[in-house]
Amino acid sequence: MSHLLHRNLRRTPPVAVSASGITLRDQQGRSYLDASGGAAVSSLGHGHPEVLAAMHAQMDQLAYAHTSFFTCKAAEELAQRLTGDAPGDLDHVYLVSGGSEAMEAALKLGRQYYVEAGQPARSLLIARRQSYHGNTLGALAIGGNAWRRRPFEPLLMDVPRVAPCFEYRERREGQTSSDYTAALLAELEQCILAHGPHSIIGFVAETMVGATAGAVPPTFGYFRGVRKLCDQYGILLILDEVMCGMGRTGTLYAFEQEGVLPDLVVLGKGLGAGYQPIGAVLARAHIAQRLRDGSGAFQHGHTYMGHPVAAAAALAVQKVIQRDNLLGAVATRGATLRRLLRQAFGDHPHVGDIRGRGLLMALELVQERSSKTPFDPALALHALVKDAAMACGLLVYPMGGTIDGQRGDHILLAPPFIVTDSELADITERLGDALKAALTRAEK
Ligand code: PLP
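According to the numbering used here, the residues represented by the sequence shown are 126 to 569, in order.
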């Protein structure tokens, strides 16, 4: 019996023993193509020698120093790099150990920003339905999936929610994309007015929705409109780029493609690319300035924040991405993946949508294409595809999102940036086999 409290208490997963490039191997000698980069994490693949060397060097020199006594070179250099590569005045970084921790820090930074300004009545965060921001209590409260929140509801703060920007599912027939976008912005404005701008800290959204709805890019102009409303009503724009940031969609930060500057940006996953647990919040100058002029401290902290080895790993990852022009590779390989998926599944009767940007792509699975009817949630088709894919030696990230009470199945693909064209072809072929096997099982 395993003494680990696994995610699934009824089934112990295979034991992973080694990995290199885009391949993982288990104790039974089976190998798997990592087409999901874990959970959109492993942007450089596994066992990258330069990242390992940077971590070893850091461990030899300094493995840990508590941040109430010291800062360290690796954390300083990482912060310099992340802010230097960020547009505008996003010039401060708060380093933590993962995405949820980073989201908590962003929410508290937002709250303290207004407390320091003598506006303690600001306590609300507006978020979106069908969103995911992490599993700690604050991040969970913000997230849009009711089924995730339900068991913990009494422990969670109240969060007003507006519609996600999800054209495939929510744009009405006959409605143009710009009318749809305008309607979403009108709903957000109404929400701000209904609660009163002076009670609101900010609006929280994933720049590109990751796992919950499956690689959903925003419509043209949506975030520009959101930024305008945030400015108009004096509330913060907090963008969650835990999944879509750090190059995954072809630019270092996904919001760069939207032509907006958020006040706070939440990072994780690809920041450490799986080599170390690390997350971060980027903050604009006015946020840091207000805390500096006010109490002089951010009232927050974790024992492992600013960890030297985690920072050294993240720094090495960023250096490799830049030196090897991996953002360019994300664009070209992303285009190849999109083409392959369209060729293989464009006419598939149960693939309703193929979407995404860069190397964050998804297939939405439907019972019937023209009506977009989802499969019966009891089938958990996404989980069947995951199992079938593993049997075909392929890792894909499955999710059943909640669409206003209905569930939809989608399969997320987020291969490492170093993936080759022939590996992408192999991934697409295995995915086809897995889908076939899963649909056959579902029909039984
Ligand atoms: N935000 C988004 C968009 C995510 O996709 C995730 C994780 O999947 C998180 C936050 C939480 O990150 P972590 O799992 O590192 O706590």
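For glycine and all other residues, C-beta sits at the position ideal for the given N, C-alpha and C.
Predicted model only: the values in this text are computed from it and were never measured.
Using a Cβ-based criterion (distance less than 7 Å to any ligand heavy atom), does residue i qualify as near the ligand PLP?
{"i": "Glu331", "result": "yes"}
{"i": "His258", "result": "yes"}
{"i": "Val367", "result": "yes"}
{"i": "Met126", "result": "no"}
{"i": "Ser225", "result": "yes"}
{"i": "His233", "result": "Reading off the sequence shown, one finds Lys at residue 233, where the question assumed His. Every heavy atom of the ligand PLP is 7 Å or more from the Cβ of Lys233, so no."}
{"i": "Lys394", "result": "yes"}
{"i": "Met228", "result": "yes"}
{"i": "Gly372", "result": "no"}
{"i": "Gly163", "result": "no"}
{"i": "Ala435", "result": "no"}
{"i": "Gly384", "result": "no"}
{"i": "Gly404", "result": "yes"}
{"i": "Ala379", "result": "no"}
{"i": "Gly335", "result": "yes"}
Can you tell me whether residue i is buried or exposed? The criterion is at least 16 other CB atoms within 10 Å of its CB, across all chains shown.
{"i": "His131", "result": "exposed"}
{"i": "Arg297", "result": "exposed"}
{"i": "Leu280", "result": "exposed"}
{"i": "Val442", "result": "buried"}
{"i": "Met184", "result": "exposed"}
{"i": "Tyr378", "result": "buried"}
{"i": "Lys569", "result": "exposed"}
{"i": "Asn450", "result": "exposed"}
{"i": "Asn108", "result": "The question about residue 108 has no answer, for the chain in this structure spans 126 to 569."}
{"i": "Pro474", "result": "exposed"}
{"i": "Thr196", "result": "exposed"}
{"i": "Leu506", "result": "buried"}
{"i": "Lys511", "result": "buried"}
{"i": "Arg254", "result": "buried"}
{"i": "Leu207", "result": "buried"}
Could you please give the first and the last residue of the uninterrupted alpha helix (DSSP H) stretch that includes residue i?
{"i": "Val476", "result": "Careful: Val476 lies outside any alpha helix (DSSP H), inside the beta strand (DSSP E) at 476-482."}
{"i": "Arg448", "result": "433-448"}
{"i": "Glu226", "result": "224-241"}
{"i": "Ala456", "result": "451-470"}
{"i": "Val510", "result": "506-516"}
{"i": "Leu560", "result": "546-568"}
{"i": "Leu203", "result": "198-209"}
{"i": "Leu310", "result": "302-320"}
{"i": "Tyr347", "result": "347-358"}
{"i": "Ala165", "result": "162-165"}
{"i": "Arg273", "result": "271-274"}
{"i": "Tyr378", "result": "Element bounds for Tyr378: n/a, residue is neither H nor E."}
{"i": "Arg294", "result": "292-295"}
So residue i packs on residue j, CB below 8 Å; how close in whole Å?
{"i": "Ala165", "j": "Met368", "result": "5 Å"}
{"i": "Val346", "j": "Ser303", "result": "The question names Val, but residue 346 in the sequence shown is Gly. Confirmed, Cβ separation roughly 7 Å."}
{"i": "Val476", "j": "Leu488", "result": "5 Å"}
{"i": "Met344", "j": "Tyr305", "result": "For clarity, residue 344 is Thr in the given sequence; the question names Met instead. Right, their Cβ atoms sit about 6 Å apart."}
{"i": "Leu509", "j": "Ala469", "result": "At roughly 18 Å, the Cβ-Cβ gap does not stay under 8 Å, so Leu509 and Ala469 are not in contact."}
{"i": "Ala335", "j": "Leu362", "result": "The question names Ala, but residue 335 in the sequence shown is Gly. With 8 Å as the limit, Gly335 and Leu362 do not qualify as a contact, their Cβ atoms being about 18 Å apart."}
{"i": "Ile552", "j": "Ala160", "result": "4 Å"}
{"i": "Ile446", "j": "Gly399", "result": "Contact flag wrong, Cβ pair sits at about 14 Å."}
{"i": "Thr192", "j": "Gly431", "result": "5 Å"}
{"i": "Ala408", "j": "Leu396", "result": "Actually they do not touch by this definition, with Cβ atoms about 15 Å apart."}
{"i": "Ala227", "j": "Leu392", "result": "6 Å"}
{"i": "Gly419", "j": "Glu241", "result": "3 Å"}
Tell me, which residues are paired with residue i by DSSP?
{"i": "Leu187", "result": "Answer is none; Leu187 lacks a bridge partner."}
{"i": "Val287", "result": "Arg253"}
{"i": "Pro523", "result": "Ile536"}
{"i": "Leu262", "result": "Beta-bridge pairing links Leu262 to no other residue."}
{"i": "Ile325", "result": "Leu249"}
{"i": "Tyr219", "result": "Val406"}
{"i": "Arg150", "result": "Ser143, Ser156"}
{"i": "Ser493", "result": "Looking at the sequence itself, residue 493 is Glu, so the reference to Ser does not match. DSSP lists Thr498 as partners of Glu493."}
{"i": "Glu331", "result": "Asp365"}
{"i": "Met486", "result": "Gly481, Leu538"}
{"i": "Leu392", "result": "Ala405"}
{"i": "Val571", "result": "For residue 571 there is no data in the structure shown, the boundaries of the chain being 126 and 569."}
{"i": "His425", "result": "Its beta-bridge partners do not exist; DSSP assigns none."}
{"i": "Ile171", "result": "Going by the sequence as given, residue 171 is His instead of Ile. Paired residues: Gly146."}
Could you tell me the boundaries of the beta strand (DSSP E) in which residue i lies?
{"i": "Ile363", "result": "361-365"}
Is residue i close to chain C, meaning its C-beta is less than 8 Å from at least one C-beta of that chain?
{"i": "Lys497", "result": "Checking the listed chains, one finds no chain C in this structure; it contains a single protein chain."}
Does the ligand ZN have even one heavy atom less than 7 Å from the beta-carbon of residue i?
{"i": "Ala164", "result": "The ligand ZN is not among the ligands present in this structure, which contains only the ligand PLP."}
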